[in-house]
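Here is the structure we will look at.
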Amino acid sequence: MRIGSPSSSSSSSGCSRFWSSALRSKRLMSPAEKAARESSDLGLSRRLGVLDLVLLGIGASIGAGIFVVTGTVARDAGPGVTISFILAGASCVINALCYAELATRFPAVVGGAYLYAYTAFNELTAFLVFGQLMLDYHIGAASIARSLASYLINILELFPVFKDNIPKWIGHGEDIGDVLSINVLAPILLVLLTFILCRGVQESSVVNSLMTVTKIIIVIIVIFAGAFEVDVSNWSPFAPNGLKAIFTGATVVFFAYVGFDAVANSAEESKRPQRDLPIGIIGSLLICIALYIGVCLVITGMVPYNLLGEDAPLAEAFSSKGLKFVSILISVGAVAGLTTTLLVGLYVQSRLYLGLGRDGLLPLVFAKVHSKYHTPVHSQIWVGLVASVLAGLFNVHVLSHILSVGTLTGYSVVSACVVVLRWKDKTNSQVSSSAEREGIICLIAVALCGFASGLLYRYDASFIFLILALVIAVGASAALVFRQVYADAPGFSCPGVPLLPNICIFFNMFLFAQLHHEAWVRFVILCVVMVGVYAIYGQYHANPSAEENVYQRALEEEAL
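Residue 1367 is where the sequence shown starts when you use the working numbering, and the numbers rise one by one after that.
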């Protein structure tokens, strides 16, 4: 008999430990644990009402893009861009329904997609989701900060005393080579917003509400002012480049709605999360859809779609009609929009870091909550510091083509979590491992078919292959319908489970296939890096069953 070497035994033991840690999942909280947590003063402060949550979602979703992306997509889709926004909005509504159900299942704590993945799947999946989301958030915050600085300088240059007298390195960015770009104003803005967020959720909510209301009022003024300049003949032909241009436009404008998921990360600071979170998530999204459709109808009715400008189409459209004061309002609205988007983005990042710090997947310093302000000060300062360094020293705009990976990953995982959590109740019973394994395979099949369909559509492959991918996805969905047993959701219930979540997964992965190929490379590389970080640190420090970290199951009577 040959005895194995110590090194091979140690390697086997290390792999066994890694997988046993990686496959751990977080259990749901019992009623007694829930009551103990709510009576504790260690958490965040519950100060956000339903109106605060709605404005939070709108603030995160509508930035300066409403004044730009509507026109740029209209150049290709024509007046049919309105249909593009309706289709993208409908897809986001389904995603929002999934978020709303899970937000009412976990109304006690922060975490969002990371928390849902930790409970429905396992620790490693949750950590990978966090990594993909966080890279998007960090780069996005830095990019928005630079755009905000540039817009502020543009407004200052409207005054003769400042025109052509402000150096580029102050706000527009002074490029040094291909990577470095000095910008002084962007980090200053980030420090200011970080300070507001550290002071308390009530203070930051007031700032967000004021800026968001200002932004909404300006958009409504723009819509009404433009409505009197609409020439209905400009809406014909409605789809000059066919249906494909409209569908392609829908894949582009989908990301204009991104942000409603920020509401789910405010669960621990909501006064009545069971009732208010679904309203905040879905209500903010419906308002955004209405505003986008209004702007689309106005801009395509004012100017023929083929004459729209590229950089500032809406502002140029009003200037061509002699309404230059509206162009100034648009600049103010863009500043308000970028400010709220940046503020909410920084807020969400800190809450995600707080969740991982509590779970031990990151150092404990991220889990600390200020005793007076009831905010995760250390997490907030770290988030602001990373964004300030990126915004102040680097031309992060060149990285925009690798963004949205985290968003689509998070949305797809959340949809899958809805299905999985309907299979099992982790505080009472478990589905059989074989049934769960079969269900997971079906969900993966739907995701792969969505990605394959996106590739086939992108590269104009034979229609037969596209039909084949759709047939496989339908078959996997049918297996989920007829071979799995689903319980009723304890709070808000997403309708049509598992079909609606499957549609979400399919379409999200379809969009994933439309991203730049460097975004796919970024996804793979970051996953490898995050697995390495987990293997070195996370698996040894994570404690999903710690008493203060356990997440609660929503009770039906809380909704009353």
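Glycine is no exception: its CB is placed at the ideal position from the N, C-alpha and C atoms.
Cβ-Cβ separation, residue j to residue i (assumed contact under 8 Å), whole Å
i, j, result
"residue 1509", "residue 1740", "With 8 Å as the limit, residue 1509 and residue 1740 do not qualify as a contact, their Cβ atoms being about 30 Å apart."
"residue 1787", "residue 1388", "So it is not a contact: roughly 20 Å between Cβ atoms."
"residue 1856", "residue 1666", "Rounded, the Cβ-Cβ distance is 45 Å, inconsistent with contact."
"residue 1646", "residue 1419", "3 Å"
"residue 1457", "residue 1626", "Incorrect: roughly 12 Å between the Cβ atoms, too far for contact."
"residue 1871", "residue 1778", "5 Å"
"residue 1892", "residue 1498", "6 Å"
"residue 1465", "residue 1630", "5 Å"
"residue 1467", "residue 1858", "5 Å"
Own chain residues within Cβ distance below 6 Å of residue i, not counting five before or after
i, result
"residue 1443", "1450, 1611, 1612, 1615"
"residue 1660", "1589"
"residue 1930", "This structure cannot speak to residue 1930, because the chain is shown only from 1367 to 1926."
"residue 1745", "1716, 1719, 1720, 1732"
"residue 1742", "1716, 1720, 1735"
"residue 1889", "1771"
"residue 1693", "1681, 1684, 1685"
"residue 1436", "1661, 1662, 1665"
"residue 1473", "1633, 1639, 1640, 1920"
"residue 1532", "1519"
Residues of its chain near residue i, where Cβ-Cβ distance is below 7 Å and the 5 sequence neighbours each way are ignored
i, result
"residue 1547", "1539, 1540, 1541, 1760, 1761"
"residue 1824", "1879, 1880"
"residue 1428", "1581, 1654, 1657, 1703"
"residue 1544", "none"
"residue 1595", "1668, 1687"
"residue 1515", "1537, 1549, 1551, 1552, 1555"
"residue 1652", "none"
"residue 1737", "none"
"residue 1884", "1767, 1768"
"residue 1522", "1528, 1532"
"residue 1597", "1667"
Start-to-end residues for the beta strand (DSSP E) that takes in residue i
i, result
"residue 1673", "That residue, residue 1673, is in no beta strand (DSSP E); it is neither H nor E in DSSP."
DSSP bridge partner residues for residue i (one or two, in chain order)
i, result
"residue 1548", "1540"
"residue 1384", "None, per the DSSP bridge assignment."
"residue 1754", "In the DSSP output, where bridge partners are listed per residue, residue 1754 has none listed."
"residue 1760", "1546"
"residue 1636", "1414"
Close beta carbons around residue i, own chain, < 8 Å, minus the five adjacent residues each side
i, result
"residue 1747", "1560, 1564"
"residue 1502", "1769, 1770, 1771, 1772, 1773"
"residue 1794", "Caution is warranted here: a pLDDT of 49 is assigned to residue 1794, below 50, making its placement in the model unreliable, and no coordinate value can be reported."
"residue 1391", "1484, 1485, 1486, 1487, 1488, 1489, 1792, 1910"
"residue 1379", "none"
Pair within 8 Å by beta-carbon distance, residue i and residue j
i, j, result
"residue 1815", "residue 1839", "yes"
"residue 1662", "residue 1784", "no"
"residue 1422", "residue 1710", "yes"
"residue 1876", "residue 1819", "yes"
"residue 1953", "residue 1413", "This structure cannot settle anything about residue 1953, because the visible part of the chain is limited to 1367 through 1926."
"residue 1675", "residue 1433", "no"
"residue 1904", "residue 1706", "no"
"residue 1504", "residue 1757", "no"
"residue 1812", "residue 1843", "yes"
"residue 1712", "residue 1749", "yes"
"residue 1907", "residue 1727", "yes"
"residue 1622", "residue 1714", "no"
"residue 1562", "residue 1575", "no"
"residue 1462", "residue 1648", "yes"
"residue 1809", "residue 1507", "no"
Endpoints, the alpha helix (DSSP H) within which residue i is located
i, result
"residue 1605", "Looking at the DSSP string, residue 1605 is not in any alpha helix (DSSP H), and its letter there is neither H nor E."
"residue 1411", "It is not in any alpha helix (DSSP H) - residue 1411 carries neither H nor E in the DSSP assignment."
"residue 1461", "1447-1471"
"residue 1886", "1883-1899"
"residue 1854", "Unbroken run through residue 1854: none, as it is neither H nor E."
"residue 1429", "It is not in any alpha helix (DSSP H) - residue 1429 carries neither H nor E in the DSSP assignment."
"residue 1829", "1829-1849"
"residue 1581", "1567-1593"
"residue 1690", "1690-1725"
"residue 1789", "1771-1789"
"residue 1442", "1435-1443"
"residue 1393", "Residue 1393 -> no alpha helix (DSSP H), and no H or E assigned at all."
"residue 1495", "1489-1522"
"residue 1307", "As shown, the chain starts at 1367 and ends at 1926. That puts residue 1307 outside it, with no answer to give."
"residue 1799", "1799-1824"
"residue 1861", "Segment: none, residue 1861 is in no alpha helix (DSSP H) and carries neither H nor E."
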